[in-house]
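So the sequence lines, in the order shown, correspond to chains W and C.
Its first residue numbered 1, the first sequence is counted upward by one per residue in this note's numbering.
Its first residue numbered 1001, the second sequence is counted upward by one per residue in this note's numbering.
In what follows, a single structure is set out as structure tokens and then discussed.
Protein chains: 2
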Amino acid sequence: MDIKALRYFSVLAEELHFGHAAKRLHISQPPLSRQLGKLEHELGVKLLFRTKRQVSLTPAGQVFLDEVRGILASVNEAANAARRAGRGEIGRLTVGFFIGATYSLLPKILHRFQTQSPGVRLILQEMELTQVPQALVSGEIDVGILRPPVSYSTIETEVLLREPFVAAVPENGKFSSKKQLQLKELAEEPFVMFSPGPSVLYSQIMSACYKAGFRPRIVQEARHPETLLGLVRSGAGIALVASSVQMRGSGGGVLFKKITGPLPMTEIAIAWRHKNPSPLLLSFIKNARSAMKLR
Amino acid sequence: MDIKALRYFSVLAEELHFGHAAKRLHISQPPLSRQLGKLEHELGVKLLFRTKRQVSLTPAGQVFLDEVRGILASVNEAANAARRAGRGEIGRLTVGFFIGATYSLLPKILHRFQTQSPGVRLILQEMELTQVPQALVSGEIDVGILRPPVSYSTIETEVLLREPFVAAVPENGKFSSKKQLQLKELAEEPFVMFSPGPSVLYSQIMSACYKAGFRPRIVQEARHPETLLGLVRSGAGIALVASSVQMRGSGGGVLFKKITGPLPMTEIAIAWRHKNPSPLLLSFIKNARSAMKLR
DNA sequence: ATGATTAATACAATAAAAGTATTATTGATA
DNA sequence: TATCAATAATACTTTTATTGTATTAATCAT
């Protein structure tokens, strides 16, 4: 059975006249007769009563017509859906991200993307920073938000955000009145610090301190910035955190102080499998790029 | 776009291998490549990534595949629905009938038909006996239940039921103790009678009485048997009604007496437009015929 | 590097569809 | 009642589309 034949039948059922229907279909009348005959033969059912003088739908034809209209509509829809998917306008994309991305970057990107591509279903998965590249390689996620570097050659990354560290100090501590600090002022302070394993921040902060001429005294470690802030609030020590953490405010008890002088920036990047990027993925990357270019 | 191409794509999406898919489709590999290429060209979207080494669905292909599976299923369903409609197994049939058919004949026919053809939607319309043939001719109903004769040449009828008249007498009247009556015993009785217009029963009863040697004294007329029975109950007179009216019992107050001797039977027939009977109609007629043959 | 695998391409053969001309049937009209 | 006009079906030819066979080109594994 051929969609063309279904179209012929559909038009014929509207016109109930072979000549007129043929004209509408831009073919001559005999092929129409033959195609309908073939269709009926294939179905084993007469779809149209036809005398030489008038044509009308049989009950079977009426039933078939209802179905055929649905099918023809579906065919158009299927084609359109495929085209839209081809342009990345619909589909589903799984995004894996580490906790640090939730402070400022992710909300901006997601909001913009959902506004621009409402047909796309985004699936969000928070995970440890180190797991993001693995999840990408395994195909568990389609796009990752992480801190570089990434050691897989099949993964491409692009930095979206470059942010300085700030010092998080207790509200009533000795630094509370200062507007800004020099890094070496913190040399004698007890540090609460990201765990060395999952986050690159550990090594970035350590090397920054070395350059400032001291080796920080680490009194406690934590994996999540929220936990670090909690420790600072409780007076366990001071912490260096990425600037965007300020966004969350963390509910008071902690002050953030800008650090003067040379201090490495930390980066957040978007990452994806280099091979065969889908249009949707490309559209997401582009969106992320321009969302972050805004400031 | 061709259903054949959709089938090709669907199989190809399952196999993800042109050679294997072609084998399953009983064609060679090149036509498959070309058909897919054509389909993609038509859609303007790549449906499959294909290197020389591996084939996989693009996001657009995934979306299209979901749609195509639905379409292929619909096509099969449409074909089956048309075939079933062709055999009269599904569809809709409008039945017009006069009140007298509701006592015994219609319930039997309908019950049997609904059991046998559960896919058919029956639409029932009660109407005056005289309107049934008109409704048939106008196409308002597809099949009628009526009392012959019918004067339209385009209408065919077939008698389903032949039933005698019985006398309906008041419960406490002078005939209440009798088992049966002779028609001429009723010669002096007041009659309540069907109206001459809509029902053939009037003339049938009148001519029966003439043959029995009297002209009935009609004290009241009514169009519906229920009304006649009400009049009998109230003592207005006696009535002759079709035997099947007994089925309704009519809630007491009335006794039915068999009438001995020659008495015309009255008939109920099924009627339909002679031209182009649908399979459903034929199936309904056949059903009615055998439902009434049972007794 | 070499060979096996596999999708695409070239070209010929086959099949299907469409077009033109004609026929047969049926209402309408004179 | 005969004739005409309308119209779906059929016959036959031409055109178009599809398939098959043979071959090519690219890629992965050894």
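All residues carry an ideal CB built from backbone N, CA and C; glycine is no exception.
Non-local C-beta neighbours of Leu255/W in its own chain, meaning closer than 7 Å and more than five positions away in sequence, comprise Val169, Glu171, Ser176, ordered along the chain.
Burial of Gln35/W is indicated by the presence of at least 16 other C-beta atoms within 10 angstroms of its C-beta. A straight line joining the alpha-carbon of Leu47/W with that of Glu40/W spans about 6 Å.
Along the stretch 57-98 of chain W, the alpha helix (DSSP H) occurs as fully enclosed runs of 4 or more residues at 59-86, listed in sequence order.
The stretch 100-114 of chain W makes no contact with the stretch 51-67 of chain W: fewer than 3 CB pairs, one atom from each, lie closer than 8 Å. Rounded to the nearest whole angstrom, the CA to CA distance from Glu42/W to Asn1080/C is 11 Å.
If you ignore the 5 residues before and after Met1265/C, its C-beta comes within less than 7 Å of the C-beta of Arg1162, Glu1163, Pro1164, all in its own chain and listed in chain order.
Counting along the chain, no beta strand (DSSP E) covers Ala236/W, and no H or E run does either. With respect to Gly1144/C, Val1159/C sits apart: the two C-beta atoms are not nearer than 9 Å. Residues of chain C with a Cβ closer than 7 Å to the Cβ of Phe49/W are, in chain order, Asn1276. At the C-beta level, Met1/W and Ile1090/C stay beyond 9 Å of one another. Only residues of its own chain outside the window of five on either side were considered, and among them Val1095 have a CB closer than 6 Å to the CB of Leu1124/C, listed in chain order. Interface annotation, Thr1266/C: not in contact with chain W, CB-CB separation never under 9 Å.
Phe1009/C and Gly1061/C have their C-alpha atoms roughly 9 Å apart. Along the length of the stretch 128-193 of chain W, whole beta strand (DSSP E) runs at least 3 residues long occupy 143-146, 155-163, 165-170, 180-182, reported in chain order. Under a criterion of Cβ atoms nearer than 8 Å, no residue of chain W is adjacent to Ile1285/C; the nearest Cβ is some 15 Å distant.
The count of Cβ pairs closer than 8 Å, one atom from the stretch 265-275 of chain W and one from the stretch 180-188 of chain W, stays below three, leaving the stretches out of contact.
Burial check for Leu282/W: the Cβ neighbour count within 10 Å stays below 16, so the residue is exposed. Against chain C, a Cβ distance below 8 Å from Gly44/W picks out Arg1083, Gly1086. In this structure, the CA atom of Leu263/W is about 10 Å from the CA atom of Val166/W. Legend: CB atoms of the stretch 1237-1261 of chain C lying less than 7 Å from CB atoms of chain W are not found in any residue. In chain order, Glu1067, Gly1070, Ile1071, Ser1074 make up the part of chain C whose C-beta sits under 8 Å from the C-beta of Ser74/W. The alpha-carbon of Lys1258/C is positioned some 21 Å away from that of Thr1102/C.
Per DSSP, the continuous alpha helix (DSSP H) segment holding Ala1288/C begins and ends at 1279-1293. Taking Thr154/W as the centre and dropping the five residues before and after it, the same chain places the C-beta of Val137, Arg273, His274, Lys275 closer than 8 Å to its C-beta, in chain order.
Per the coordinates, the alpha-carbon of Ala1208/C lies some 53 Å from the alpha-carbon of Leu16/W.
In the structure shown, Lys1046/C adopts coil according to DSSP, grouped into three states. With a 10 Å radius around the Cβ and a threshold of 16 neighbouring Cβ atoms, Pro31/W comes out exposed. Residue-level contact check: Ala78/W touches chain C, since one or more beta carbons of chain C fall below 9 Å from its beta carbon.
Proximity of Lys1004/C to chain W, defined by a Cβ-Cβ separation below 9 Å, is satisfied.
In this structure Arg217/W touches Pro190/W by the C-beta definition: roughly 6 Å separates them, less than 8 Å.
By the rule that beta-carbons nearer than 9 Å mark a contact, Gln62/W touches chain C. Among the residues of the stretch 1112-1130 of chain C, none has a Cβ less than 7 Å away from any Cβ of chain W.
Interface criterion met: the Cβ of Gly1091/C is under 9 Å from a Cβ in chain W.
Residue Leu1129/C holds the alpha-carbon nearest to the alpha-carbon of Ile1099/C among Leu1129/C, Ala1222/C, Arg1050/C.
Closest in C-alpha terms to Phe214/W, from the list Ile205/W, Ala222/W, Ala21/W, Gln220/W, comes Ile205/W.
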